[in-house]
Amino acid sequence: MDRTVRYVGSPVPKKDSMALVTGKPVYTDDIAPADCLVVKVLRSPYAHALIDEIHTETAGKVPGIVSILTWKDVPKKRFTMAGQTYPEPSPYDRLILDRRVRFVGDAVAIVAGETEEAVDKALKLIKVNYQVLTPVLDFRTAKDNEILVHPEDTWQSLCPVGADNRRNLVASGVDSHGDVDAVLAGCDYVIEETYHTKANQQAMMETFRTFTTMDPYGRLVVTASTQVPFHVRRIIAHALDIPKAKVRVIKPRIGGGFGAKQTVVAEVYPAIVTWLTGRPAKIIYSRYESQIASSPRHEMELKVRLGADKNGIIKAIDLYTLSNSGAFGEHGPTTVGLSGHKSIPLYAKAEAFRFAYDVVYTNRMSAGAYRGYGATQGLFAVESAVNELADRLHMDPVKLRELNMVREGDVMPAYYGETAGSCALDRCMARAKEMMDWDKKFPARDMGNGKVRAVGVAMSMQGSAISGVDVGSVTLKLNDDGFYSLMIGAADMGTGCDTTLAQIAADCLCCDLDNIIVHGVDTDVSPYDSGSYASSTAYLTGGAVVKTCDTMIKKIMEKGAEYLGASMEEVDFDGKRVYCLDGSREISLRDIGNQAMCNNGLALEATESNTSPVSPPPFMVGMAEVEVDMETGKTELLDYVAVVDCGTPLNPNIARVQTEGGLSQGIGMAMYEDVTYSAQGRVLEDSFMQYKIPTRQDVGTIRVEFESSYEKTGPFGAKSIGEVVINTPSPAIASAVAHATGVYVRELPITPEKIYKGMVEHS
Amino acid sequence: MEIQLTLNGKAVKDQVGADTLLLDFVRKHGCYSVKRGCETSNCGLCTVLLDGKPVLSCSTLAARADGCSVTTLEGVQEKAEAIGRFLAGEGAEQCGFCSPGLIMNVIAMEQELSEPSEEEIREYLAGNLCRCTGYMGQMRAIGNYLNRKGEEQNG
Ligand code: FES
Ligand code: FES
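This is how it looks when you write it as structure tokens:
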């Protein structure tokens, strides 16, 4: 059968769009049973302490209180809350509640009660005597510090990632190609700078939340706002020390994740309450809790040495990344890898590279996964260094990149030796340049009113799924009247994969999109999928859809041939009917579906899994135009231009909004968002009042276009889009500011104060 | 205390605490479209109309709505569909969690401003945060919706 392309590449509205825009009750809190116990967590006021005594008797007497749990009441087996494929690279360093508390906000007790008022009252009545310890707050002094964040013997690292709790190390390692020191010694120009990226909150509008119930079979049902339902099942089983068979996880509609919900931040608390009491329970994180005890981006300090000859040919890149994992190691060993492996390969032709890193524990809020996952940090450093090199060479940074950028067919030694099989980065650059009218605007224009307008550029890459690890699976069923059910294990968290995957299926099966119903994730029903992270869904689960449809078509033809009394070789399927090639007979899909419900021994059902030995990078170019007030340093983002190569955009509307949204998060990171701590280790930006995410007045104009390559290993030529889009704003805006003022801000965010200070020092 | 109000056209009488928030009150009465995104009056997700005027229900006491008329998205489903269709047409309801509050405020804006410029729209809706979309798609959708409405009215 010939495959049509009717839906792939077309901007169809999402299947659930009308339910969302009319405000239907589809999110976790909307569908939670009314009789759920309210669950809240008592949190530590100290950055580092041991609980000497904890008295809950008075609190327990508050009318309506059902359960108060302390470290004495929870299983003593350590686990990780990181939603990763088992065995997780993240260390097993957690207990649900621990005697040692490791950051301001760490969990001390769990309180469950009939009403919020009762729970709030009980929280205040719990008396804790802490033995306050000295914390490790500065990540630069954490490695080999005599104060250990995790001195316990039960700490465990399952994978060889260079972790050592006796040294406060979550991971460490080095990767290299060629002799970087020798090549750098021979370079005409060497840029050597240190860059500092801060923790950022994903700040998805729906905070962390979960409700739990027991089912008639005595199993724990966890309905969670999560990106990783199958990992949640395993992690809950580990945390509660119960068989995985006892846990079922359901994912409803999700109000945004961006990586935050790739960590099991809140699920364990109601889970243990329900498991111990048998009663339904619910936790809804406040925004405050989501700001102080969650899973923000890893703070990183990156030292770059970048060498080039006098013609601007980049010869070597040496990168050392120090990453702050905070109190626990979730995603610590893996995020750091991307800081090098997804920045250095943009300059794949360089003769040598070295990428070394340490990831350390500190007594701060644990970091986690945030869109871009380390690539964002690495690209700020490497792309900024490339921009500084261009300025040093008095060369247009676009020109410098044209000379050095990775191109289709290039081998990328720093990207596990993978070849860029599909890469339109050169076309992205050319188009962005036109859109920005770069030649006219570069580097800066004095507007004559005390303000200077200037432009900056940056490139970005990411991956598409974790090669050799991630699994995407799909089950397809043919039902009566010939409609299909598509069951996926990947989590649609607003990203639209329920729709894009159905678009792929509709084109594979040559049917109407409405002929395919999609079932969201339920671990009891859906086929296994690692989850929606690492930019995997479109590429990997999309590939699983193609495979599954192929298997399905064979079964339909087999059944159809049987009904027609023909052999498989004599028939074909066109999406609507199975027909004899000689034109003599045919049977409709509808009739096959209906007939198969009687006297049939062949299930019209298919399941396939997909995994990939490669992780084809999407690429993009971003260009920023800013206006800086030369007296105050106040900077306005006027225009942001982005051109993306995500292979085939499966749904241009969804891809565009992903890009615009990712850019605006990147703009927030570049200009506004910061997580800072008091001297005692308390987060200062603990609400949306202090933590400023961009409003619609802050993002200027964002203009997005696509320059598509065709990725042969992807479904219909598709690569990923979700993460690559967040990476360019920080380096592009930093460079634009430098072009306006001469000031290079190397520590995010790029605030007027830092620019002003730099201008004062500069003059 | 007991309050009495009109919720989406229906008379509702209920006991509330002195500190009960309108947000919790309307959700308790089945209006699940109303969302909470913060505790500091910063996100706009909880926007409802109180006697026709947009208010943040997270920082309005239920007691204040006594004797008033409260409208949530549940009460203006036709409008929600009309505006929402444009959002959906752009893919600008990514997770959709912010959409009800946004649409409520667009409805309020329509009543307050005639033919607003893009800048006026940005200003009017500045309090409606969205973390998913970067706002551009929402702005396209709202622009298209207002244009279409203008065309229909003119002819
Ligand atoms: S919930 Fe954020 S403004 Fe009301
Ligand atoms: S669509 Fe998710 S917050 Fe706006």
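First to last, the protein sequences are chains Y and Z.
According to this note's numbering, the residues represented by the first sequence are 1 to 763, in order.
According to this note's numbering, the residues represented by the second sequence are 1001 to 1155, in order.
Don't be surprised by glycine CBs; every beta carbon is placed ideally from N, CA and C.
These numbers were taken from a predicted model, which means no experiment stands behind them.
Alpha carbon to alpha carbon, how far is Y:Thr-4 from Y:Thr-551? 17 angstroms
Can you find a C-beta in chain Y that's less than 8 angstroms from the C-beta of Z:Phe-1097? yes
Spell out a yes or no on whether the segment 455 to 467 of chain Y and the segment 478 to 494 of chain Y are touching, meaning 3 or more CB-CB pairs, one atom from each, closer than 8 angstroms. no
Following a CB-centred definition, is Z:Cys-1043 positioned closer than 7 angstroms to any heavy atom of ligand 1? yes
Apart from the five residues just before and just after Y:Tyr-533, which ones in its own chain have a Cβ nearer than 6 angstroms to its Cβ? Gln-227, Gln-262
With a threshold of 16 other CB atoms inside 10 Å of the CB of Y:Pro-613, please say whether the residue is buried or exposed. exposed
Identify which residue in Y:Glu-351, Y:Glu-586, Y:Lys-61, Y:Ala-734 has its Cα closest to the Cα of Y:Asp-391. Y:Ala-734
Residue range of the alpha helix (DSSP H) that Y:Leu-400 falls in? 397 to 404
If contact means a Cβ-Cβ distance below 8 angstroms, which residues of the segment 531 to 542 of chain Y contact chain Z? none
Output the distance between the C-alpha atoms of Z:Leu-1061 and Y:Val-265, rounded to the nearest integer angstrom. 31 angstroms
Checking contacts by CB at 8 angstroms: is Z:Thr-1020 closer than that to chain Y? no
Closer than 8 angstroms between beta carbons: that is the criterion. Which residues of the segment 1119 to 1139 of chain Z meet it against chain Y? Arg-1122, Glu-1123, Leu-1125, Ala-1126, Gly-1127, Asn-1128, Leu-1129, Cys-1130, Arg-1131, Cys-1132, Thr-1133, Gly-1134, Tyr-1135, Met-1136, Gly-1137, Gln-1138, Met-1139
Is there a C-beta anywhere in chain Y that falls below 8 angstroms from the one on Z:Ala-1080? yes
Helix, strand or coil: which one does DSSP assign to Y:Lys-198? coil
Starting from Y:Met-597, find everything on chain Z with Cβ-Cβ shorter than 7 angstroms and list it in chain order. The premise fails here: Y:Met-597 is roughly 35 angstroms from chain Z at the closest Cβ pair, so nothing lies under 7 angstroms.
Give a yes or no on whether 8 angstroms exceeds the smallest Cβ distance from Z:Ile-1103 to chain Y. yes
For Y:Ala-182, count the other beta carbons within 10 Å of its own beta carbon; 16 or more makes it buried, fewer makes it exposed. Which is it? exposed
What residues match up with Y:Gln-156 in a beta bridge as DSSP calls it? Y:Tyr-92
Going by beta-carbon coordinates alone, are Y:Ala-293 and Y:Gly-307 separated by less than 8 angstroms? no
Please list the segments of the alpha helix (DSSP H) lying wholly inside the segment 374 to 450 of chain Y, counting only runs of 4 or more residues, in order along the chain. 375 to 393, 397 to 404, 425 to 436, 438 to 441
Only counting runs of 4 or more residues, tell me where the alpha helix (DSSP H) segments fall wholly within the segment 521 to 587 of chain Y, in order along the chain. 542 to 564
Regarding Z:Cys-1132 and ligand 1, is the C-beta to nearest heavy atom distance less than 7 angstroms? no
Identify, in the order they occur along the chain, each residue of the same chain with its Cβ nearer than 8 angstroms to the Cβ of Y:Val-26, setting aside the five sequence neighbours on each side. Asp-16, Ala-19, Leu-20, Pro-252, Arg-253
Looking only at C-alpha atoms, which of Y:Tyr-415, Y:Ser-384, Y:Cys-36, Y:Ser-615 sits nearest to Y:Tyr-195? Y:Ser-384
Which residues in chain Y have a C-beta closer than 7 angstroms to the C-beta of Z:Thr-1047? List them in chain order. By Cβ distance, chain Y contributes nothing, its closest Cβ being about 11 angstroms from Z:Thr-1047, past 7 angstroms.
Counting only beta-carbon separations shorter than 8 angstroms, does Z:Glu-1002 have a partner in chain Y? no
Compute every distance between the C-beta of Y:Gly-256 and the non-hydrogen atoms of ligand 1, then say whether any falls below 7 angstroms. no
Who does Y:Tyr-130 pair with in a DSSP beta bridge? Y:Ile-51
Going by beta carbon distance, what residues of the same chain come within less than 8 angstroms of Y:Arg-167, once the five residues before and after it are set aside? Lys-143, Asp-144
Going by other Cβ atoms of all chains shown within 10 Å of its Cβ, with 16 needed for buried, is Y:Tyr-756 buried or exposed? buried
Under 8 angstroms, Cβ to Cβ, is there at least one residue of chain Z near Y:Asp-30? yes
So, for Y:Thr-607: in the same chain, excluding its five sequence neighbours on each side, which residues have a beta-carbon less than 6 angstroms away from its beta-carbon? Thr-475, Pro-527
Where do the N-terminal and C-terminal ends of the beta strand (DSSP E) with Y:Arg-43 fall, by residue? 37 to 43
Hey, would you say Y:Cys-511 sits closer than 8 angstroms to Y:Met-1, going by beta carbons? no
So Y:Ile-693 contacts chain Z; which residues on that side make the cut at Cβ distance below 7 angstroms? Leu-1129, Arg-1131
Exposure label - Y:Gln-697; buried when at least 16 CB within 10 Å: exposed
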